[in-house]
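What follows is a short report on a single structure.
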Amino acid sequence: MSDNAAQKIKEKLDLVEFLRGYLELKPAGSNFKANCPFHKEKTASFMVSPERQIWHCFGCNEGGDIFQFLMKYENLEFYEALKVLAEKAGVDLGRVSPSEQKQFGVLYDINNAASVYFKESIIKAPAVLEYLAGRKLSKESIDTFDIGFAPNDFEGLVMYLVNKGFDVADAARAGLVHKTQKGKYIDRFRGRIMFPLESNFGKVVGFTGRILPQFDTGDVAKYMNSPETPIFSKSRLLYGLSRAKEGIREKKFALLVEGQMDVIMSHQDGVNNVIGTSGTALTDEQLSILRRYSDKLVLNFDNDEAGKMAMERSIDLAYAKDFEVEVLDFSAISEADGLKDPADIVASKPGILKNFISRSMPAMEYYFLRHPVSGDIGDKKQNVRVILRKISNIKSAIESGHWLKELSFRSNIREIDLISEMRMTISSQAPKRES
2 MSDNAAQKIK
12 EKLDLVEFLR
22 GYLELKPAGS
32 NFKANCPFHK
42 EKTASFMVSP
52 ERQIWHCFGC
62 NEGGDIFQFL
72 MKYENLEFYE
82 ALKVLAEKAG
92 VDLGRVSPSE
102 QKQFGVLYDI
112 NNAASVYFKE
122 SIIKAPAVLE
132 YLAGRKLSKE
142 SIDTFDIGFA
152 PNDFEGLVMY
162 LVNKGFDVAD
172 AARAGLVHKT
182 QKGKYIDRFR
192 GRIMFPLESN
202 FGKVVGFTGR
212 ILPQFDTGDV
222 AKYMNSPETP
232 IFSKSRLLYG
242 LSRAKEGIRE
252 KKFALLVEGQ
262 MDVIMSHQDG
272 VNNVIGTSGT
282 ALTDEQLSIL
292 RRYSDKLVLN
302 FDNDEAGKMA
312 MERSIDLAYA
322 KDFEVEVLDF
332 SAISEADGLK
342 DPADIVASKP
352 GILKNFISRS
362 MPAMEYYFLR
372 HPVSGDIGDK
382 KQNVRVILRK
392 ISNIKSAIES
402 GHWLKELSFR
412 SNIREIDLIS
422 EMRMTISSQA
432 PKRES
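Sequence positions in the sequence shown follow the working numbering and run 2 to 436.
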């Protein structure tokens with residue numbers, strides 16, 4: 002039945018008009034052309050045929066119809082793309098086979114229902130609203146990001162979903178409830194402020210729950226994410242991307258922060274191209290998704306040692322993926338005021354992010370500040386080696402050559418000696434083969 006639905010969708014949606022939402026199409030005879038979004042190129046080789054309703058890139062040899070484009074561009078499974086395009090085309094998927102509906106569709110429906118339950122619950126929880134107000138979160142931001150609350154109740158969500166007609170086993174597959182050893186289903190999230198996690202299209206696919214301080218006994222995790230499900234993979238999701246992607250395209254860069262509150266407070270401060278890693282390490286998959294919108298990344302992580310280490314890992318990963326990487330360093334402000342993360346800084350100094358964002362520095366400049374290449378020979382040698390490892394990680398030979406010259410100038414060491422040291426440093430890090 003999904004084949005029939007797919008055909009109806011293709012009959013109703015024009016590929017050229019659909020692609021205009023993603024690409025700058027230019028006439029090319031009876032066809033259209035654009036720069037391919039799936040590989041870097043200067044000469045347009047991505048061709049679209051209005052007559053055949055297909056696309057093909059002669060540069061990377063990718064091609065297909067409207068479904069193949071959406072699946073590849075947004076990193077979706079077929080059924081996810083089917084639901085998105087059906088909604089856009091006004092095609093009813095009610096007759097899609099029960100097995101397909103059970104595998105994907107019901108998980109979206111259950112997560113959406115849970116989001117409604119959490120939003121209804123927060124209205125009845127003045128302590129939660131008071132806590133969020135204390136964090137300087139506005140009511141508009143709470144509503145915009147659909148922030149909710151999971152009551153400290155073992156069966157509140159279970160009963161809500163069952164009463165809505167959902168199978169409790171599907172709620173377990175969605176990661177919202179789990180089965181005890183005695184065979185009883187109980188809520189996974191309890192006593193937590195709930196942040197819905199959305200796909201690139203704004204569909205709720207999971208949640209992050211932050212324990213409310215009054216329920217923090219010290220033996221529970223401060224933050225808890227939904228488990229991996231058929232529609233949610235934390236390594237592929239960037240928090241807030243569905244709301245930030247237009248801002249990213251417009252400003253031609255993404256501002257990456259760590260937590261949900263950092264994202265929300267940044268948007269509240271008037272910066273709309275902000276996304277978050279949800280407190281997990283940045284991944285190749287996330288960067289591949291992000292590259293569809295921009296190849297420039299500005300990082301602004303927590304000003305503690307863990308945040309600085311996460312910053313370095315993220316810089317190295319982004320450099321290796323050929324991103325232009327910059328850092329927004331709030332350390333002077335945060336250290337003076339005892340503040341740690343972007344959310345607290347924005348809360349204490351409204352308007353600062355919007356005004357400060359133009360002061361971002363190239364990531365290598367951040368490394369030079371963090372690992373100074375002057376001083377006594379012992380520290381100098383160690384820090385030069387650190388910087389060399391960072392330079393060797395940069396994919397672009399042009400960019401790595403620029404920073405090698407800069408390192409030579411700042412350290413007063415000849416480039417030829419730095420290159421020799423770099424080779425030795427990289428060689429010593431390479432895993433040794435077993436004989």
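Just so it is clear, CB atoms sit at the ideal spot from N, CA and C, and this is done for glycine as well.
For residue 209, there is no enclosing alpha helix (DSSP H); the residue is found in the beta strand (DSSP E) stretching over 205 to 212. In chain order, 241, 245, 256, 258, 264, 267, 268 place their CB closer than 7 angstroms to the CB of residue 275, counting only its own chain and leaving out the 5 sequence neighbours on each side. The shortest C-alpha to C-alpha distance from residue 132 to any of 214, 89, 176 is the one to 214. With respect to the 8 angstroms criterion, residue 331 and residue 356 are not classified as neighbours on the basis of their beta carbons. Nearest to residue 415 by alpha-carbon distance, out of 391, 65, 385, is 385. Given a length threshold of 3 residues, each whole run of the beta strand (DSSP E) inside the stretch 251 to 302 is given here in chain order: 255 to 258, 275 to 277, 297 to 300.
DSSP, reduced to helix, strand and coil, places residue 190 outside both helices and strands of the structure shown, so it counts as coil.
When the Cα atoms are used, residue 79 and residue 87 turn out to be separated by approximately 12 angstroms. For a cut-off of 8 angstroms, the C-beta gap from residue 239 to residue 287 is around 5 angstroms, short enough to register as a contact.
With at least 16 other beta carbons inside 10 angstroms of its own, residue 232 counts as buried. Under DSSP, residue 48 shares a beta bridge with 34, 57. Counting C-beta pairs closer than 8 angstroms gives fewer than three between the stretch 156 to 164 and the stretch 137 to 146, which falls short of the contact rule.
DSSP, reduced to helix, strand and coil, places residue 405 within a helical segment of the structure shown. Nearest to residue 295 by C-alpha distance, out of 41, 19, 425, is 41. Counting only runs that start and end inside the stretch 82 to 143, there is no beta strand (DSSP E) element of at least 3 residues. Sequence-distant partners of residue 316 (beyond 5 residues in either direction) whose C-beta falls short of 8 angstroms from its own C-beta, in its chain, are 300, 326, 328, 364, 367, 368, 391. The Cβ atoms of residue 282 and residue 314 lie closer than 8 angstroms to each other. Residue 236 and residue 284 do touch by the CB rule: their CB atoms are close to 4 angstroms apart, below 8 angstroms. Put simply, the backbone Cα of residue 380 is about 8 angstroms away from that of residue 374.
Pairing residue 105 with residue 82 gives a Cβ-Cβ distance that is not under 8 angstroms. Minimum Cα-Cα distance from residue 51 among the listed residues 298, 141, 16 corresponds to 16. Residue 175 carries a coil assignment under DSSP once its states are collapsed to helix, strand and coil.
With a beta-carbon spacing of about 5 angstroms, residue 177 and residue 115 fall inside the 8 angstroms limit used to define contacts.
Within the same chain, 122 come within 6 angstroms of residue 152 by CB-CB distance, once the 5 residues on both sides are set aside.
Assignment of residue 222 by DSSP, reduced to helix, strand and coil, places it in the coil class. Residue 393 has its alpha-carbon roughly 10 angstroms from the corresponding atom of residue 402.
Secondary structure of residue 28 (DSSP, three-state): strand.
Distance from the CA atom of residue 36 to the CA atom of residue 158, rounded to whole angstroms, is 47 angstroms. Its Cα nearest to that of residue 224, the residue 196 stands out among 70, 230, 372, 196. In this structure, the CA atom of residue 292 is about 17 angstroms from the CA atom of residue 47. For the pair residue 85 and residue 71, the CB atoms are nearer than the 8 angstroms cut-off. In the DSSP annotation of this structure, the continuous segment of the beta strand (DSSP E) that includes residue 327 starts and ends at 325 to 328.
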